[in-house]
Structure formats: C-alpha cells, structure tokens
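**Q**
Numbering (this note's numbering), first residue to last: 1255 to 1482.
(1) Could you tell me the alpha carbon to alpha carbon distance between residue 1367 and residue 1444, rounded to whole angstroms?
(2) Once the 5 residues before and after residue 1296 are set aside, which same chain residues still bring their CB inside 8 Å of it?
(3) The beta strand (DSSP E) that contains residue 1309, what's its start and end?
(4) Which residue's Cα is closest to the Cα of residue 1272: 1303, 1310, 1428?
(5) Would you report the Cα separation of residue 1264 and residue 1389, rounded to the nearest angstrom?
(6) Which one of 1448, 1423, 1403, 1433 has the shortest CA to CA distance from residue 1386?
(7) According to DSSP, simplified to helix, strand and coil, what is residue 1288?
(8) Would you tell me roughly how many angstroms separate the C-alpha atoms of residue 1234 and residue 1441, rounded to the nearest one?
(9) Could you check where the alpha helix (DSSP H) with residue 1270 kicks off and where it finishes?
(10) In the DSSP assignment, what are the bridge partners of residue 1317?
So, in structure tokens, the structure goes:
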C-alpha cells in the first residue's frame, strides 16, 4: 500500500524493495528515490509522507540507501528548501553553525587525547611515546563520520579512549589485518581478545618504566612508520 510509511530493504532490482515480512514490493508509480546525504530535505519529505525508507544492514551496521516518495512531493520540498537556503539569513546561520561545530570538535579532540594519555599511564621516562601514541590514536579515531568507537556517545570517554587504543594497536602492531580467521562463530572475537591481551602486555612495559628496545617493540616500530 503506497499510503503506508515503511522501512524497507533493497530489493532484487532498482524498482523493488523488501518489507519487514520478506515480501517484495514494487515501487509505486510516480515515486522517485531521494538519495541520502541531505538531512534537511529528507526530514521534510518524510514529514509530508508517506515514504519508504530504504535501509541495508551490513554486519552490525545499518546504512541508509535513500527514501522513496512521490516525485512531486520531493520536488516541492526541494524547491521550498532551496529558496530558504538562498537567503542571507540562512548563509549567516550556516556560518555560525559551522564555527560552533568546529569549536566543539576541537574541544572533543583535546578531551579525547587527554583521556588516551590518562589510560596509557606511561612512566615519565616514556612520556614522549605516550604523546606520540595519543596523537596517532586521536587523529585516527576522532574525525566526524569516522564511525569509530571514539564517536559513540553510549559509553564514557574513558572507555572510548581505551577501546580506541586497543583497536589502533590491533591494526598497527599485530598481524590482525592479514590473518585468515575461520568463519566460526566466536572465533574472530577470540582472536581479538588474544591480540588485545598482547597489546596490554606491551603497554604495561611502558607503564612500569622498564627500558625498551625501539627495534624490538611493535609499538615503536608502528609509530616510526607514521613519522617516517
């Protein structure tokens, strides 16, 4: 029923989708697909309704593939929004919003880097390595849209920092990316736990302040690659 708003999955071709019950539905005549990317326009089209929102699950993540709606409805919403966006007031608001977002992001980057350094807790003799690692992890994990654990709001920043460090070390200081892991339930999780334990062992050496040979340490070799 076209008049019913739905959340659907991609279908077998460009003019079909699959509903929650597994049924294949044809796209109603006169409907177009509004691609993802313009949140303001998407909100207006959805508010005008009805719409079919297409979502695709890949592993644990869900990706938007756009919104099907009446073509006239999409065109009207776009025309109205374009007119609003052409005003000086809208330009000033955009500039103000961008400045606010940049300030908020800069503050979060600083907060996250400090949280990483706190988690590392390296001995004073390894303070330089702690700073290098904190910068490397922060630069990788904090960009907006990166999809990393650092961008989630579900857990405290202290846990985000810990998880980001362990994830960075898994990819940069171990052979994880080149491992062939059997497609057995729980096996990948088991491997990640094993590698996390190894990463924590490396970190503990820096926390204790013991002398560490840069040539033998996977952490320092990984950091050297970034700077070399």
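Using N, Cα and C, we set each Cβ at its ideal position, and we do this for glycine too.
Since we're looking at a predicted model, the values are computed, not measured.
**A** So, from the data block:
(1) Residue 1367 sits at position 113 when you count from the first residue of the chain shown. Residue 1444 sits at position 190 when you count from the first residue of the chain shown. For residue 1367 and residue 1444, the distance between alpha carbons rounds to 28 Å.
(2) Position 42 of the chain shown holds residue 1296. Same-chain partners within the cutoff: 1288, 1290, 1321.
(3) For the purposes of this step, residue 1309 is taken as residue 55 along the chain shown, with counting starting at 1. Per DSSP, residue 1309 belongs to the beta strand (DSSP E) from 1306-1312.
(4) Locating residue 1272 in the chain shown gives position 18, where the first residue counts as 1. That would be 1310, whose Cα lies nearest to the Cα of residue 1272.
(5) For the purposes of this step, residue 1264 is taken as the residue at position 10 of the chain shown. For the purposes of this step, residue 1389 is taken as the residue at position 135 of the chain shown. Spanning the two alpha carbons is a distance of roughly 40 Å.
(6) Counting from one through the chain shown, the residue named residue 1386 turns up at place 132. If we check each option's Cα against that of residue 1386, 1423 comes out closest.
(7) Stepping through the chain shown from its first residue, residue 1288 is reached at position 34. Strand, per DSSP.
(8) The requested residue 1234 is not part of the displayed model; the chain covers only 1255 to 1482.
(9) Along the chain shown, one-based indexing puts residue 1270 at 16. Per DSSP, residue 1270 belongs to no alpha helix (DSSP H); it is in the beta strand (DSSP E), 1270-1272.
(10) Position 63 of the chain shown, counting from 1, holds the residue named residue 1317. DSSP, once it has assigned bridges, lists 1310 as partnering residue 1317.
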